[in-house]
Amino acid sequence: MIDGEALVLTARLAFVTCLILITLSIPLAAWLAYSQRRWTVIVEAVVALPLVLPPSVLGYYLLVAMGSRSPIGRWWESVTGEPLAFTFTGLVVASVLYSLPFAVQPLMAAFSGIDRRLLEASFVLGRGWVSTVTRVVLPLSRIGLVTAIVLTFAHTVGEFGVVLMVGGNIPGETRTASIAVYDAVQSFDDRTAAVMSLILLAFSAVVLVATYALRKAPLSVWPRT
Amino acid sequence: MTAPLLAIRARRHVLDAVVDLDDSSTVTVLFGPSGAGKTTLLRCLAGLEPLDEGTIDFAGTRWSEGARMVVPARRRSVGYLFQDHALFPHLDVAANVAFGLRTLPRAERAARVEHALGAAHAGHLSSRPVPQLSGGEAQRVALARALAPQPALLLLDEPLSALDAATRASLRTELRQILVQQRIPTLVVTHDRSEALALGDRLVVLVDGRVRQVGTPVEVFDRPADQVVAGVVGVETAVTGTVLAVRDGVVQVEVAGRILTSALADDQSPDVGAAVVVCIRAEDVSLQSRRSDAVTSQRNQLDVTVTQVSVEGALVRVELDAGFRLSSYVTRPAREDLGIVDGARLVATFKGQAVHLVPR
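Going down the list, the sequences are from chains P and G.
As numbered in the working numbering, residues 680 to 904 make up the first sequence, in order.
As numbered in the working numbering, residues 18 to 377 make up the second sequence, in order.
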């Protein structure tokens, strides 16, 4: 009735994706928010691409790139001895790319909202970029950071098209909760479909309420009036 | 000649400034109207903005060369006081002051924070959260934060402008004392006359991105180099006249049919017949009801008519028609005693030393 294996796998995927994405997105978002170079808009557009691209299209390209006929897929296989497509690792790579805008955009918005003079004060006081981001930018972007984590986690949990294309439906390896729902409907297992759907619905609702509640909290105490 | 401590050849947007400072004076004031490029110059010095062209050298080291930051902001050892403090709101006062002390051993850090807060007269604020500070307190903390790493150069951007009038007045004198005690070469940007006079050993007048005059504050305010500087430093009366005679250290100038006497300054040698701008500060002009007989040759007496009276703070500013427009500041009791109202006829007197001639 409840596909526990799929739920655990989904949670694991979301957690790992989240961890990788936040680590990648902090420097990327800082660069996009503070760089004066014009061509950052191109990078910004590429980062936002998964928002508008049909998941099946993104999934198709990822599958091609990860497949044993592509240089990337072959390289991965020669290094690790395992294929990338239809594995948990492949799923993580796909999720990271698919959820990238959900991590980068809230962080970028939070970073851009910080008074530029605070960064300048940090530089003049002898700090470089890394120290300035960790000591000034991140502590003042807590809401943005939490929003990014919550959205990335939730979006990965809700992923379907990309997962199906890249991972297929291998129990314990690539079958996530949303795939389990689809699978249950296909095999006329209405009860499992209903229970799993309800769990995902409840999870999404809680996440959204928490996110909106956070946004109502005071965002910044700077500048003072 | 030895190289100056700070040599600036800065071109950026409207800025085209050449400034050389040696270490003989502690506090240099960059004075000029808004938009003169003062803050831009300060930011270029701190390494927060690149130059378009030119160089900045400090103590024999090249800091900036054109758009290239030879030494980045974080390695310039500059203390920068931002106009609205820019304190980190997520850190308390002590952590703000300690922010620039990362390279110090932990034990030394606390002592340095305490010392810097003490120097800025803010020792009692140490554990306060930043959002709870008043404007004046925030300014002291920001100053302590800038002083704590013992910078080689201190840059203050309109240090008192974000404060209310009362705090500004009390902090002005105090700030001068603190800066003198620290003995760190300091550049202060301001457009406020009293701030410039109270803080500076030296004044650099910047107008439209160019340096127009360099001198002690008193020199610049009393003897502006030209009409533009006279306007910027706020000389109330600046009218054109013609030199009639120069003898015995006295210059006689004709202005709108009146003859004025000016004491000849050491650096002046006006030609007879030359056109000059006559500058007279309102605070040097006193008013009386009738002419006095005991006047020296260096004292001017003019019959005037009051055209406008306005209260400016503790003083009353009186606009006068002396054949040309003349201004005077009087106290409120003096206004009562002399019966100063529109149309009143009075006598304006001022010393020859108060009449400053600027070549046209």
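Where is the CB? At the ideal position from N, CA and C, for every residue including glycine.
Residue-level contact check: P/Arg796 touches chain G, since one or more beta carbons of chain G fall below 8 Å from its beta carbon. By the Cβ test, the segment 45-55 of chain G is not in contact with the segment 64-81 of chain G, since fewer than three Cβ pairs between them sit closer than 8 Å.
Put simply, the backbone Cα of G/Gln149 is about 26 Å away from that of G/Arg123.
Burial state of P/Arg795 is exposed, judged by a 10 Å Cβ sphere holding fewer than 16 other Cβ atoms. The alpha carbon of G/Arg157 has as its nearest neighbour, out of G/Ala179, G/Ala128, G/Ala169, the alpha carbon of G/Ala179. With respect to G/Ser151, G/Ala111 sits apart: the two C-beta atoms are not nearer than 8 Å. Under the criterion of beta carbons closer than 8 Å, G/Pro287 and G/Val268 qualify as touching, at roughly 6 Å.
Scanning chain P for C-beta atoms nearer than 7 Å to the C-beta of G/Leu171 yields nothing, as the closest lies near 11 Å away. Residue G/Leu177 holds the alpha-carbon nearest to the alpha-carbon of G/Leu192 among G/Leu177, G/Ala24, G/Gln167.
Fully contained in the segment 90-125 of chain G are the following beta strand (DSSP E) runs of length 3 or more, in chain order: 95-98. CA-to-CA, the gap between G/Ala133 and G/Ala161 works out to about 5 Å.
By DSSP's assignment, G/Cys296 forms a beta bridge with G/Ala255, G/His373.
Inter-segment contact for the segment 723-735 of chain P and the segment 829-845 of chain P is present: three or more beta-carbon pairs are separated by less than 8 Å.
Neighbours of G/Val95 across chain P, judged by C-beta separation under 7 Å: Val803. For P/Arg806, the neighbours in chain G by C-beta distance under 9 Å run, in chain order, Arg91, Phe116, Gly117, Arg119.
DSSP assignment within the segment 786-814 of chain P yields the following whole alpha helix (DSSP H) runs of 4 residues or more, N-terminal first: 795-803, 808-811.
Within 9 Å of the CB of G/Pro166, the CB atoms of chain P belong to Leu804, Gly805, in sequence order along the chain. In the DSSP assignment, no residue is bridged to G/Gly64. About 12 Å separates the beta carbons of G/Arg91 and G/Trp80, which is beyond the 8 Å limit, so they are not a contact pair.
P/Trp710: not part of any beta strand (DSSP E); member of the alpha helix (DSSP H) spanning 683-713, first to last residue.
Residues of chain P with a Cβ closer than 9 Å to the Cβ of G/Ala63 are, in chain order, Glu799, Phe802, Val803. Residue-level contact by beta carbon holds for G/Phe105 and chain P, with a gap shorter than 8 Å. Taking the Cα of G/Leu332 as reference, the smallest distance to any Cα among G/Val206, G/Thr203, G/Thr348 is reached at G/Thr348. Taking 8 Å as the cut-off, the Cβ atoms of P/Leu786 and P/Leu741 do not count as close. As the crow flies, the alpha-carbon of P/Gly807 is around 11 Å from that of P/Arg814. Judged by DSSP secondary structure, G/Glu329 falls outside any alpha helix (DSSP H) and instead within the beta strand (DSSP E) spanning 316-329. The DSSP-derived three-state label of G/Thr78 is strand. In the same chain as G/Leu170, and ignoring 5 residues on each side of it, the C-beta atoms closer than 8 Å to its own belong to Leu23, Leu62, Phe75, Arg93, Ser94, Val95, Gly96, Ile201, Pro202, Thr203, Leu204, in chain order. Under DSSP, G/Ile276 takes part in a beta bridge, and its partners are G/Glu271.
Using beta-carbon distances, G/Phe99 counts as an interface residue toward chain P, with a partner under 8 Å. Distance from G/Val31 to G/Gly248 at the Cβ level is roughly 18 Å; contact not present, criterion being Cβ atoms closer than 8 Å. G/Val46 has G/Val205, G/Leu220 as its beta-bridge partners, per DSSP. Taken in chain order, the complete alpha helix (DSSP H) segments of 4 residues or longer contained in the segment 812-857 of chain P are 821-837, 840-846. Contact check for G/Ser345 and G/Leu304: beta-carbon distance about 6 Å, within the 8 Å limit, so the pair qualifies. The C-beta separation of G/Val46 from G/Arg219 comes to about 7 Å, placing the pair in contact by the 8 Å criterion. Here P/Trp754 is exposed. Its C-beta has fewer than 16 other C-beta atoms within 10 Å.
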